[in-house]
Each structure stands twice: as C-alpha cells, then as structure tokens.
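Shown next, in structure tokens, is the structure this report addresses.
In the working numbering, the protein residues as written are 136 to 727.
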C-alpha cells in the first residue's frame with residue numbers, strides 16, 4: 136500500500152538544474168542527499184524513486200487544499216469579503232503572480248521532472264526484469280500525463296519537457312498550446328500506461344492500474360470532444376466489472392474503506408504526518424503528508440476557518456433538487472435529505488450532527504443552553520462543507536497541524552466514470568435511454584428519484600432541477616421534454632454538480648462546456664431573487680426579519696457571491712490561468 140512513503144526524496148534535484156518557476160521547490164540542494172552517481176544502482180533505488188513520484192501527487196496544489204481555489208472559481212463555492220486570498224478567485228482577480236497560479240504550475244512540474252528522471256535512468260537499468268521495467272515506465276508516464284492534463288486544462292497549454300533536461304536549450308522551451316500538449320504528451324502517456332495490471336498482486340493499494348489509465352484517457356478524449364473514443368474507454372471500464380458504486384456514498388470520503396470498489400484512482404494521504412508542522416508544501420522524508428483541505432471547510436467553532444462556503448445555488452440544489460425517492464432505503468430510514476446531501480454539506484434543517492454537536496444550540500425548558508452547536512449558520516452562512524472533513528469522527532479539527540487529515544483524495548470515482556460515459560453517449564449518437572440508464576445508477580445510489588421514473592410518470596417530461604424555485608417564486612420545477620439537449624443539460628448542471636461537488640472537477644467542466652458565463656448569469660439572477668424575497672430589494676443584502684424561510688433558512692444578510700463574477704467574466708481572460716510570472720522571468724523562450 137502506498138500509504139506511508141518512507142523514502143520521500145527530492146529526486147528532482149538529481150541529474151540537472153532547472154532554471155524555471157519550479158526552482159522554489161527544486162533548487163535547495165541538501166549536501167547530504169544522494170547524487171546521480173550513487174543512486175539508480177539497484178531495484179530498491181527505483182522503488183524509492185517511484186514512491187517519490189507518487190509523493191508528488193500529495194503536494195498541496197496538486198491534490199491537497201489548493202483544490203479549494205478551483206472550487207471558488209465555480210458555481211459551487213463562495214467566501215467572505217474579509218478572506219482576501221479566497222476573494223481573488225471569487226471575484227476573478229487573479230494574475231500571473233498570484234500564489235495559487237504559480238504554485239499549481241510549479242507543483243505539477245515536480246511530478247513531471249521526477250517522472251522524466253525515472254524514464255531517463257531506467258534505460259540502462261539492466262538489473263531490472265523486463266516486466267518490472269515496463270511497469271515502472273508505465274507508472275511514470277501515467278503521472279507525467281496526469282500532470283500535463285491539468286497543466287493543459289488549467290493554463291491553456293504548457294511548456295513541454297518530454298525528457299530530463301541536460302542543457303539550457305532543453306530548459307528554455309516555448310509554451311505549447313493545449314491541443315499540442317494533449318496530443319504530444321497526455322494521450323500517448325495514458326495509452327502507454329494501459330499495460331498496467333487491472334489489479335495489482337499482494338494488495339498494492341494505491342498503485343496506478345489499467346483502470347486509472349483508461350479512465351484518464353477517456354476523460355482526455357471527452358475534454359477534446361472525441362466522443363466515440365471517450366465512449367469506448369468508458370465502455371471498457373463498465374464492461375470490465377472491476378468497479379461498482381459503494382452502497383454508502385460517504386464511504387468515499389473517510390479514512391475507512393479507502394481503495395474501495397468505487398475507487399478508480401486515489402491519491403493516498405496518511406494520519407502519520409509530522410506533528411505540529413502545518414502548512415508544508417513538500418512531501419516529507421519521514422512519512423507521507425496529511426491533507427489540510429478540512430482547514431478551508433470546517434467552521435470556526437470546529438477548528439477551521441470556513442473560508443470556502445457552499446453558494447446558495449449549491450445549497451438549494453442539494454436540499455430542493457435532490458428529491459428523495461420515497462421507496463429508497465435511505466428515505467425509509469428517516470433521513471431528511473439525500474445520501475449525497477448528507478455527506479456533502481451541512482444545513483440547519485438537515486440530518487445528523489456536526490463534530491459531535493447538534494446543528495444548532497439546544498436549550499432546556501428553562502431556556503438554559505445544554506448543547507452548543509458548532510456549525511454557526513449566522514450572518515448569511517446557510518451551510519458548510521462536510522466532504523473531506525472529519526465532522527463525523529472528532530469534536531474538532533486540529534488547528535495546530537493545519538487541520539490535516541489522512542482522508543485520501545479520490546481523483547476518479549466510478550460514479551464519475553458512469554456520468555462521463557452517459558455524456559459521451561449523448562454527444563456521440565444521442566441515445567437518451569442508454570444515457571439515462573447510467574445516470575440513474577448514480578441517482579439510485581443517492582436515494583433520489585430516478586430520471587426514468589420522472590419521465591414515465593410525466594409522459595416523457597422531467598423537472599428542470601437546476602433552476603431555483605425559491606429565487607424565481609416557482610411552486611414547482613418547470614417540466615421539460617426528455618430529449619438529448621435537455622438530458623445533457625441536466626447532466627451538466629444538476630447531476631455532475633450534485634454527485635461530484637467539492638471534488639475538484641466543476642470549473643474544468645464548466646469551461647469545457649462553454650457554460651461559465653451562462654452559469655454565472657443564472658446564479659446572479661437567482662441571487663437577486665433571493666435578495667428581493669428576503670431583503671425587499673435587489674440592491675440590499677440585509678435581512679431585517681428574524682423569520683427563517685426555507686430552503687435556505689439564511690439569517691441576517693445575503694452573502695454576495697455572483698455579482699462581480701457575472702459582470703467581469705470574459706472567456707478569453709478567465710477560462711485559463713496566465714503563464715506564471717516566475718516562469719516567464721526564468722524561461723528565456725517565453726520572454727520574446
């Protein structure tokens with residue numbers, strides 16, 4: 136199991152100096168570290184190098200708390216005006232020197248450089264068996280392809296380093312377009328990784344598999360609008376019978392049941408982090424890191440900073456649009472919201488507790504406080520994120536460690552595969568019935584009404600679940616025909632949001648669909664409707680009444696999340712980050 140990386144070495148320092156944005160992470164040479172002359176001599180050396188390569192996936196801006204900045208760019212998340220670091224993203228004001236813009240680029244290249252070193256030195260590793268060599272190469276190419284996939288889709292391209300640099304000419308390389316990066320690096324690397332085992336022997340949980348490579352290849356084709364190729368990849372995964380949906384949705388977001396039957400690709404974290412040393416950007420030699428994402432989600436009364444908050448649009452989608460199936464076991468058990476609502480956000484009139492405390496303060500008959508709630512639903516904060524936190528396990532996150540946890544990041548779940556498969560089917564030949572079959576597998580597990588049932592009961596129509604009833608003063612959802620375009624829009628605006636919320640997919644999805652502007656304008660229109668209903672005017676954010684009105688039950692004020700986004704968004708400016716300024720300063724090929 137890749138759970139404790141006992142030998143996390145800075146292999147990117149071995150065999151070359153890189154004069155680019157990555158220097159902050161790569162150029163601090165340890166005089167006691169190994170050199171290329173003393174390393175790469177045994178099979179054990181390559182095992183350590185592969186562990187270090189996997190360790191690059193744990194970096195904060197690759198699979199850690201940095202993913203929250205991606206969420207803040209989308210319709211999922213907002214923040215408070217006093218959180219300046221987060222506001223850069225909700226107000227679309229980042230630039231080439233913003234820390235996240237620079238750090239995500241830098242840390243994705245850590246994995247690329249480590250992979251390239253392995254690929255370079257393994258050429259002369261005659262002491263390895265051919266099978267071992269092929270497996271190491273395939274794993275290195277997968278992680279390199281994975282990192283380039285996110286560079287291409289985050290920055291609109293990348294600087295291509297396809298081998299270990301040994302000269303200035305091989306370092307100072309021009310920027311390549313997204314399509315060039317995808318076609319030259321990402322697709323070939325994922326194809327090469329498909330030789331990996333479908334299941335590793337001896338319980339090697341966390342190792343990249345054929346399934347992970349095939350899923351990422353299919354996702355790449357989907358992003359490139361190669362519908363038939365994407366469909367074929369997802370079909371292979373479905374027909375392999377290697378994966379199933381977990382019965383309990385929440386099993387995907389705790390330290391229990393890691394590497395479960397729904398997990399296609401998972402980044403491993405550990406509770407065995409170095410205690411008292413929070414906020415590290417690096418994986419450490421004495422053990423794998425915990426992940427600090429709970430720091431951004433947990434409330435102030437539960438050890439966090441609640442800097443990332445569900446938007447009202449997101450909140451209402453979960454409590455109003457995720458309509459529970461009365462025949463589902465989850466519903467019969469007495470739950471108030473769907474299974475995925477329960478696991479994803481906490482709302483005032485919802486299920487369960489929060490960090491071993493009630494959702495709101497509880498008083499006895501004499502008005503004495505007997506149990507204090509920890510969510511804090513005041514001042515416009517109608518909900519908090521539960522996913523990726525330990526809300527169900529502990530009384531508080533631990534701020535002395537940056538709220539680090541050992542919850543693995545499920546980068547690709549089988550539920551995501553099913554929804555991508557449905558999308559590819561709709562885009563390929565418009566087979567609505569087949570697409571709905573796969574969408575409904577996901578909905579059934581969540582304990583909500585299946586699309587097929589809606590359509591059967593309403594003469595071929597189903598509800599437009601992604602439009603706010605409250606903001607628009609609708610008594611019920613508008614009913615629309617179950618044709619290709621409408622089912623595709625449901626998949627985009629309802630199903631993927633609800634199933635995959637706060638998992639790092641939403642912004643890239645909205646960009647590839649070309650729906651960012653439409654989404655922001657809808658959310659701003661809804662926000663104005665909420666203001667009108669609760670504040671009496673679309674220009675006011677103050678709620679004077681003490682009456683709480685469902686579904687939001689928001690108090691005191693309406694938080695402004697979308698006014699700025701809807702007004703300033705421009706596709707050519709905001710869809711992709713600029714090339715980081717430190718890269719431009721250090722890469723001579725980018726200075727002309």
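Cβ coordinates follow ideal geometry from the N, Cα and C atoms, glycine included. If you're wondering where the values come from, they're calculated on a predicted model, not measured in any experiment.
* To do: Report the three-state DSSP secondary structure of residue 360 (helix, strand or coil).
  => Counting from 1 along the chain shown, the entry for residue 360 is found at position 225. Three-state result, residue 360: coil.
* Asked: When DSSP builds the beta bridges, which residues end up paired with residue 519?
  -> What you label residue 519 is simply residue 384 of the chain shown in a count that begins at 1. 481, per the DSSP bridge assignment.
* **Residues near residue 145 in its chain [Cβ-Cβ closer than 6 Å; skip 5 each side]** => Sequence index remark: in the chain shown, residue 145 carries index 10 (1-based). Summary for residue 145: the model assigns pLDDT 42, below 50, so the residue's position carries little reliability, and this model does not support an answer.
* Taking residue 379 as the reference, give the member of 396, 388 and 390 with the closest Cα. => Translated into the one-based positions of the chain shown, residue 379 becomes position 244. It is 396.
* Asked: Just the Cα atoms here: how many angstroms apart are residue 232 and residue 717?
  -> Looking up residue 232 in the chain shown gives position 97. Looking up residue 717 in the chain shown gives position 582. Within the model, the alpha-carbon separation for residue 232 versus residue 717 is close to 7 Å.
* To do: Return helix, strand or coil for residue 672, following the three-state DSSP convention.
  => Numbered from 1 along the chain shown, position 537 holds the residue referred to as residue 672. Looking at residue 672 - three-state DSSP - the assignment turns out to be coil, as it is neither helix nor strand.
* To which residues does DSSP link residue 213 through a beta bridge? -> For this step, residue 213 is matched to residue 78 along the chain shown. 444, per the DSSP bridge assignment.
* Can you give me the start and stop residues for the alpha helix (DSSP H) that residue 244 sits inside? => Position 109 of the chain shown, counted from the first residue, corresponds to residue 244. Taken as a continuous stretch (DSSP letters only), the alpha helix (DSSP H) holding residue 244 covers 234-256.
* In DSSP terms, what residue 544 is bridged to -> Sequence index remark: in the chain shown, residue 544 carries index 409 (1-based). Bridge pairing for residue 544: 402 [DSSP].
* Might you give, ordered along the chain, the residues of its own chain that have their beta carbon closer than 6 Å to the beta carbon of residue 256, omitting 5 neighbours on each side? => Translated into the one-based positions of the chain shown, residue 256 becomes position 121. If we look at residue 256 and ignore the five residues flanking it on each side, its Cβ neighbours are 175.
* Exposure label - residue 288; buried when at least 16 CB within 10 Å -> By 1-based counting over the chain shown, the position of residue 288 is 153. Only buried fits residue 288, as 16 or more other CB atoms lie within 10 angstroms of its CB.
* Asked: Between which two residues does the alpha helix (DSSP H) carrying residue 273 extend?
  -> In the chain shown, residue 273 corresponds to position 138, counting from 1. Note, residue 273: alpha helix (DSSP H), 265-290.
* Asked: Is residue 325 buried or exposed, if buried means 16 or more other CB atoms sit within 10 Å of its CB?
  -> Locating residue 325 in the chain shown gives position 190, where the first residue counts as 1. It is buried - the Cβ of residue 325 has at least 16 other Cβ atoms within 10 Å.
* Spatial distance of residue 489 from residue 262 (CA atoms) -> The residue given as residue 489 occupies position 354 in the chain shown. The residue given as residue 262 occupies position 127 in the chain shown. So the alpha carbons of these two residues sit roughly 54 Å apart.
* C-beta contact flag for residue 446 and residue 211 at 8 Å -> The residue given as residue 446 occupies position 311 in the chain shown. The residue given as residue 211 occupies position 76 in the chain shown. It is a contact, given that the beta carbons lie within the stated cut-off.
* What do you get for residue 180, buried or exposed, if any count of 16 or more other CB atoms within 10 angstroms of its CB means buried? -> The residue you call residue 180 lines up with position 45 of the chain shown. Burial state of residue 180 is buried, judged by a 10 Å Cβ sphere holding 16 or more other Cβ atoms.
* Could you check where the beta strand (DSSP E) with residue 614 kicks off and where it finishes? -> As a working note, residue 614 is residue 479 in the chain shown. For residue 614, the enclosing beta strand (DSSP E) starts and ends at 614-616.
* Asked: Would a C-beta distance cut-off of 8 Å place residue 392 and residue 401 closer than the cut-off?
  -> Against the chain shown, residue 392 aligns to sequence position 257. Against the chain shown, residue 401 aligns to sequence position 266. No, the Cβ-Cβ distance between residue 392 and residue 401 is not below 8 Å.
* To do: Would you decide whether residue 451 is buried or exposed? Buried here means 16 or more other CB atoms lie within 10 Å of its CB.
  => One-based indexing of the chain shown puts residue 451 at position 316. Taking all protein chains in view, the Cβ of residue 451 is crowded by 16 or more other Cβ atoms within 10 Å, so the residue is classified as buried.
* With a 10 Å radius around its C-beta and 16 neighbouring C-beta atoms as the bar for buried, classify residue 343 as buried or exposed. => Counting from 1 along the chain shown, the entry for residue 343 is found at position 208. Counting the other CB atoms within 10 Å of its CB gives residue 343 a total of 16 or more, which places it among the buried residues.
* Assuming residue 206 contacts residue 443 under a Cβ cut-off of 8 Å, what Cβ separation, rounded to an integer in Å, is found between them? -> Counted from its first residue, the chain shown places residue 206 at position 71. Counted from its first residue, the chain shown places residue 443 at position 308. Between the beta-carbon of residue 206 and that of residue 443 there is about 6 Å, and that keeps the pair under the 8 Å contact cut.
* Classify residue 416 as helix, strand or coil using the three-state DSSP reduction. => Numbered from its first residue, the chain shown carries residue 416 at position 281. Confidence at residue 416 is low in this model, with a pLDDT of 43, below 50, so its placement is unreliable and no value can be given for it.
* Hey, would you say residue 283 sits closer than 8 Å to residue 714, going by beta carbons? -> Position 148 of the chain shown, counted from the start, is the residue given in the question as residue 283. Position 579 of the chain shown, counted from the start, is the residue given in the question as residue 714. Contact flag unset, no.
* How about residue 331 and residue 274: do their beta carbons lie closer than 8 Å? -> Against the chain shown, residue 331 aligns to sequence position 196. Against the chain shown, residue 274 aligns to sequence position 139. A contact, by the Cβ cut-off of 8 Å.
* Could you please give me the residues that DSSP links to residue 677 through a beta bridge? => Taking the chain shown and counting its residues from 1, the one referred to as residue 677 is at position 542. In the DSSP secondary-structure assignment, residue 677 is bridged to 692.
* Find out if the Cβ-Cβ distance for the pair residue 356, residue 365 is shorter than 8 Å. => Locating residue 356 in the chain shown gives position 221, where the first residue counts as 1. Locating residue 365 in the chain shown gives position 230, where the first residue counts as 1. Their beta carbons are under 8 Å apart, which means residue 356 touches residue 365 by this criterion.
* Proximal residues to residue 157 (C-beta, below 6 Å), its chain only, five neighbours per side dropped -> Residue 157 sits at position 22 when you count from the first residue of the chain shown. Residue placement at residue 157 cannot be trusted, given a pLDDT of 45 that sits under 50; the coordinates are not used to answer.
* With residue 552 and residue 372 assumed to form a contact (beta carbons below 8 Å), what rounded beta-carbon distance in angstroms separates them? -> Here residue 552 is taken as the residue at index 417 of the chain shown, counted from 1. Here residue 372 is taken as the residue at index 237 of the chain shown, counted from 1. The Cβ separation is near 5 Å, so the contact holds.
* May I ask which residues mark the beginning and end of the beta strand (DSSP E) holding residue 597? => Here residue 597 is taken as the residue at index 462 of the chain shown, counted from 1. Residue range 596-598 is occupied by the beta strand (DSSP E) that includes residue 597.
* Asked: Could you give the C-beta distance for residue 638 and residue 475, rounded to a whole number, given that I count them as a contact under 8 Å?
  -> By 1-based counting over the chain shown, the position of residue 638 is 503. By 1-based counting over the chain shown, the position of residue 475 is 340. Between residue 638 and residue 475, the beta carbon gap of about 11 Å keeps them out of contact (Cβ cut-off 8 Å).
* To do: Below 8 Å CB to CB, which residues in the same chain sit around residue 595 once its five sequence neighbours on both sides are set aside?
  => Taking the chain shown and counting its residues from 1, one reaches residue 595 at position 460. Taking C-beta separations shorter than 8 Å and ignoring five residues to either side along the sequence, the partners of residue 595 in its chain run 616 and 617, following chain order.
* To do: Please list, in chain order, all residues of the same chain as residue 726 whose beta carbon is under 6 Å from its beta carbon, the five residues on each side excluded.
  => As a position in the chain shown, residue 726 is number 591, starting the count at 1. Around residue 726, the same chain offers no residue with a beta carbon nearer than 6 Å, after the five sequence neighbours per side are excluded.
* Could you please give me the residues that DSSP links to residue 498 through a beta bridge? => Against the chain shown, residue 498 aligns to sequence position 363. Residue pairing by DSSP puts residue 498 in a beta bridge opposite 504.
* Sort out for me which residues DSSP pairs residue 737 with in a bridge. => In the structure displayed, the chain extends from 136 to 727; residue 737 sits before or after that span and is not available.
* To do: Pull up the distance between the alpha-carbon of residue 630 and that of residue 574, whole angstroms please.
  => As a first step, residue 630 must be located in the chain shown, where it is residue number 495. As a first step, residue 574 must be located in the chain shown, where it is residue number 439. About 8 Å.
* To do: Assign residue 684 to one of two classes, buried (16 or more other C-beta atoms within 10 Å of its C-beta) or exposed (fewer than that).
  => What you label residue 684 is simply residue 549 of the chain shown in a count that begins at 1. That one is exposed.
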